[in-house]
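Worksheet for the structure shown next.
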């Protein structure tokens, strides 16, 4: 039944994952995962530690090549593309930008510069242009700075623009990663545990921020998160993963009532 | 806070080093020049000694500094040259061309007019144009590249050692005519000295048509094991090994050949005719042939030079010591005979005046090679090099 | 408390000197001759060693303590402080006149100093450019290249061979050298860029050795170890000139090339490409995930570094008029790397200072004759210990934001 | 076939020399991830210490085998002390410095130590006494292997096995593995990282000394500059075998030795190093973590 619905919605999809499996040697980290993200949707992927969530992210962003299955992206303009095995930077250029579970900023660059890196694939100055610094280059450079600064404003870091990113507080680093991803003009934002290590108030702010970003940039969001309160109130749909399989999917309410999910989570997650 | 300041001061000091260094140097220079300009022939005669004095080739360059010091000391004891005290000014080039040009410009800037050096042919080639332009007479104890003198490009260059072509011919001639070997393996150490010698020898053998070159290969100097190349020599059926290079590799090859039960003739060059070779190769050195300048057993200067070194430094002299000693004698003698350090007069004196040196009674021909350095072949017998031809 | 501290350091120094005396005892004191079976004892050396190391250890301890205290203090502060020196240097009010003054001094240099001074300064300037080139590869893009000197050799041989066979002049070959460098950079870059960290280091080291060995052995092509001599100096409208004038001429050529290189690297550093390199250095995975083509960025850094090295090779061949493979050993690569790290990775000013230090120090240490390399090695260790991030720390550009436009 | 075997054993002998130096190298390298240029110098100092002890004892007229034993012991002790001191001076203060800083201080240390030996001893080559006696039963194989070759091969294997056991089963060995994998983590679980690194240097330097004495006796001559080439070869062998892998260092050394030997035998010794490095490049392109190194998936 659910299968049919998804197929009908094809024109209305930004990401479709079909039957994706990932083996590391003999270990099956993902098996036959199906997942869809529709335009403007916030989809959450939850599951106990080690369930394969981050591996799934790595599979759809080109860091790993899935052993089996098809990952298709539907950019706002242009044709749908099969992206499994595609190089990471091309996936990003296509419009799928991610953050990392263990923050991966560029520590000895300033916050602003971190965001400017996100603009790289949307600009084109070459070596010669950079050396000669003609009017075109200068215009582009100014555009990069302005746009990046705008992104920083969106995540509330404009005051810290010229600080080295290694000196930013933890929460700010997480937000900076989101700003960096946004700067690549994605249609799909992949957030890997954005609220990890945040206190309830920060988490609430983050939630509001994600909602704002979705409205403003018209992006879809795929989110891995452990904070159930945030997941339940933010997501439109939830996928639950255990041992590399999707064991349940549906609206937050449906999922939270699924006996399989309750069994998987019982006593295992404090946030639940 | 304090540490910050120290760091800052350190930083400034390092940054300012260039300026300070230059300033300081400059002052010293003017001081050094000042008396010379007032009275050109007043106090001292500076003898530059350029060559590898640090780095892995230092052992070839340091003995010539000692040689120059000893000759200078002896002459100074007799009242100097033309009333000037001889002062030795060592200049390190590590056998690197770029450092050799630095050393050369430094010597030229210090108004040195006679130089012993450089040690390596490559460094010498790089430095010579600078000396030539400044009319400095240069005499190398060890640069054997044929073209240095034979090309005629450097009229200011002289040497007390014979060049590759002569050495190669001598070694090849000896092997084919005296040892009567038919299949010769020519091995070299890929260096400019060793390969130059090996190529000359190879050409001489091929031109002679009596024997054949069955193998021509370069080995990697500094290696711990040459068994592969030795097996190759064996497989080629060679009855003689002709080696171009220095003694460390030669002793390793000879030792390993003997370990593998190969007892064919081993003929090598002046770089091997060194007592260190006999020490390092030990009993395996027995029977090895090496070409070298003829040093008559009763050469008094040679004996004296050796004894002086033993007395002054408490050790045996190293490589190219005799040649450097000869060079120092020849240069200083020429200055004495010329009566000044005037370039043309010194060159003329070098070409006309004979002098007794450890390498024989020598003067120099028009191209700059020493006349009177006869070439001989030596063989190690009972732990000593003995003349065979 | 100060007195107690001094006593503590004195004690430390005493222990250190006893330890070092023990350590150096056999090598400093005993000389053996295994052939003659004699042993020479030189006890005086031990005394010098003990006294010398006592003084040095005392100073060492005091400075190390200061450094650590400074670092501990820095660790407590969240905002990074900038040293007075670099603050001074980065303040445009001082930096501009300072730069102008520096340039003036540089331009007038050959008229006031001897040919020797000019000559070694030309060498130093060559290494400034080499350092800046390697700084792109190592300092900015974070690719540890231990075979950088190979590209230097490519340039030098390009000029030497073209000059020998076809009598092409310096100015004609200079651009060709650049092209050859870029070509080799890309050629060697392709297979190795998949590798990371030290694996990349060893492979580049291997390539560096291979190029040198080929030059050494392929006599028919490169004239082998005897090298190529009588390479033409740069032409000057057909005028012949003396070696001294040549040095001055060479100096101005180099000065121009240095200014050009500084200009190019400074512009690149704060450009789109430069930021991509930096991101690459900091985190390869994140860099690629943010849409940067790592392979392209790496190749660009490799090729650009190679181009500069090759250019310098051409200049080097013209300057020394003689080249052989002995000038392109691994040690040379290590020296250029040392310039970059010692000066401060990624910092243009740092690299310039580093090049001056490492190239001029051995020259000014000539007075110490045989001890100079000993002192040189010790200095390298000392600078690294007391200034691990290099003489000048690289700083990122501070962007002024036009808030109205952005808001 | 005869020729092939000769080359094979030649390569084995040469490779085991590389392996012996690489064993110490890979330990230090595995733990602090520093291309320790001074390791070659410690090897050289080990050889000099062996020579000095041998010289003194020969002058006193001791028998050869006991000289070898004592020379080995003294040389190991002294080289370990040198390794320890070098670490304290040049690397320990740089524990938290940028990654390349210790590399440069290592280069500086290498220059310093070379010149120290050159000045304190001699720039010339010194003959190294043949401390390893020729065993009679080896005569039959003299065409393939000498006694000293045999000695070095056996020593390399013994050291490799001993080290493997040490790393696997002792407390210190476990602490070393922990430090190699994640220094911060090891510190958190109570490993005294300073001590572990010192111990690594002491062991690595001791192995270098064993190599120095045996190889010195094998080759028959030493000078102050022998450490440089040895260091490069050991580094190559260690990387070829897989950084930090003890059997890998031996395998890497042997593969390097064979590559050089066969290249000389079948092509030309002019290009033996070229072949060795080409092999290295090819192997690393197909196995980026070396022959026996763990091919880890990227952790994201």
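Chains as they are written, first to last, in my numbering: chain L, 1 to 272; chain V, 273 to 661; chain Y, 662 to 1068; chain G, 1069 to 1368. Idealized CB from N, CA, C, for every residue including glycine.
1) Is the region 1171–1186 of chain G in contact with the region 991–1011 of chain Y, if contact means three or more CB pairs nearer than 8 Å?
2) Going by Cα to Cα distance, which pick from V/432, V/634, V/558 is closest to residue 530 of chain V?
3) Would residue 520 of chain V pass as an interface residue toward chain G - the criterion being a Cβ-Cβ separation below 8 Å?
4) Helix, strand or coil for residue 220 of chain L per DSSP?
5) Using a Cβ-Cβ cut-off of 8 Å, state whether residue 125 of chain L counts as contacting chain Y.
6) Suppose you measure from the CA of residue 283 of chain L to the CA of residue 91 of chain L; what does that come to, to the nearest Å?
7) Should residue 652 of chain V go down as buried or exposed, given a rule of 16 or more other Cβ atoms within 10 Å for buried?
8) When the Cα of residue 443 of chain V is compared with those of V/427, V/483, V/360, which residue comes out closest?
9) Let me check understanding here. Comparing Cα to Cα, which of V/352, V/412, V/461 lies closest to residue 335 of chain V?
10) Where do the N-terminal and C-terminal ends of the alpha helix (DSSP H) with residue 865 of chain Y fall, by residue?
11) Taking only beta carbons into account, state which residues of the region 1164–1186 of chain G come closer than 9 Å to chain Y, listed in chain order.
12) Hey, is residue 909 of chain Y's beta-carbon within less than 8 Å of any beta-carbon in chain V?
13) Check the DSSP bridge columns for residue 489 of chain V and list the partner residues they point to.
14) Within its chain, find whatever has a CB closer than 8 Å to the CB of residue 550 of chain V; leave out the 5 residues flanking it on each side and keep chain order.
15) Return the Cβ separation of residue 206 of chain L and residue 196 of chain L in integer angstroms, given the expectation that the two are a contact with Cβ distance under 8 Å.
16) Mind reading off the beta-carbon distance from residue 939 of chain Y to residue 116 of chain L? Whole number of angstroms is fine, and I expect it under 8 Å.
17) Is residue 739 of chain Y close to chain G, meaning its C-beta is less than 8 Å from at least one C-beta of that chain?
18) Determine whether the beta carbon atoms of residue 16 of chain L and residue 72 of chain L lie at a separation below 8 Å.
19) Between which two residues does the alpha helix (DSSP H) harbouring residue 818 of chain Y extend?
20) Give the straight-line distance between the Cα atoms of residue 1378 of chain G and residue 380 of chain V, rounded to the nearest whole angstrom.
21) Can you check which of these residues, L/215, L/201, L/193, L/202, is closest to residue 187 of chain L by C-alpha distance?
22) Given that residue 699 of chain Y touches chain G, what residues does it touch there, using C-beta distances under 7 Å?
23) Counting only beta-carbon separations shorter than 8 Å, does residue 471 of chain V have a partner in chain G?
24) How long is the line joining the alpha carbons of residue 954 of chain Y and residue 731 of chain Y, rounded to whole angstroms?
25) Step through the CB atoms of chain Y and report whether any lies within less than 8 Å of the CB of residue 1322 of chain G.
26) Going by beta carbon distance, what residues of the same chain come within less than 7 Å of residue 179 of chain L, once the five residues before and after it are set aside?
27) Can you pull the chain L residues whose beta carbon is under 8 Å from the beta carbon of residue 961 of chain Y, in chain order?
28) With a CB to CB cut of under 7 Å and the five nearest residues on each side skipped, what residues in its chain are close to residue 1267 of chain G?
29) Would a C-beta distance cut-off of 8 Å place residue 1324 of chain G and residue 1083 of chain G closer than the cut-off?
30) According to a CB-to-CB cut-off of less than 8 Å, which residues of the region 943–971 of chain Y neighbour chain L?
31) Taking 8 Å as the threshold (C-beta atoms), are residue 783 of chain Y and residue 908 of chain Y in contact?
32) Quick one: which residues of the region 871–897 of chain Y get their C-beta closer than 8 Å to a C-beta of chain V? List them in chain order.
33) Taking the runs of the alpha helix (DSSP H) that are 4 residues or longer, which of them lie wholly in the region 146–214 of chain L?
34) What are the partner residues of residue 969 of chain Y, as DSSP defines its beta bridges?
35) Can you pull out the residues from the region 1004–1029 of chain Y whose beta carbon lies closer than 7 Å to at least one beta carbon of chain G?
36) Who are the neighbours of residue 1341 of chain G on chain Y, taking C-beta pairs under 7 Å?
Taking the structure as given:
1) yes
2) V/558
3) yes
4) strand
5) yes
6) What is shown of chain L runs 1 to 272, which leaves residue 283 of chain L out entirely.
7) buried
8) V/483
9) V/412
10) 858–878
11) 1164, 1165, 1166, 1167, 1168, 1169, 1170, 1171, 1172, 1173, 1174, 1175, 1176, 1177, 1178, 1179, 1180, 1181, 1182, 1183, 1184, 1185, 1186
12) no
13) V/459
14) 557, 652, 655, 656, 657
15) With 8 Å as the limit, residue 206 of chain L and residue 196 of chain L do not qualify as a contact, their Cβ atoms being about 10 Å apart.
16) That pair is no contact at about 10 Å.
17) With a pLDDT of 47 at residue 739 of chain Y, under the threshold of 50, the modelled position of this residue cannot be trusted, and the question is left open.
18) yes
19) 810–827
20) Nothing about residue 1378 of chain G can be reported from this structure: the residues present for chain G run from 1069 to 1368 only.
21) L/215
22) 1127
23) no
24) 40 Å
25) no
26) 115, 151, 152, 154, 155, 157
27) 127
28) 1240
29) yes
30) 943, 944, 946, 947, 948, 949, 950, 951, 952, 953, 954, 955, 961, 965
31) yes
32) 877, 878, 880, 885, 886, 887, 888, 890, 891
33) 170–182
34) Partner(s): none; residue 969 of chain Y has no beta bridge.
35) 1006
36) 870, 874
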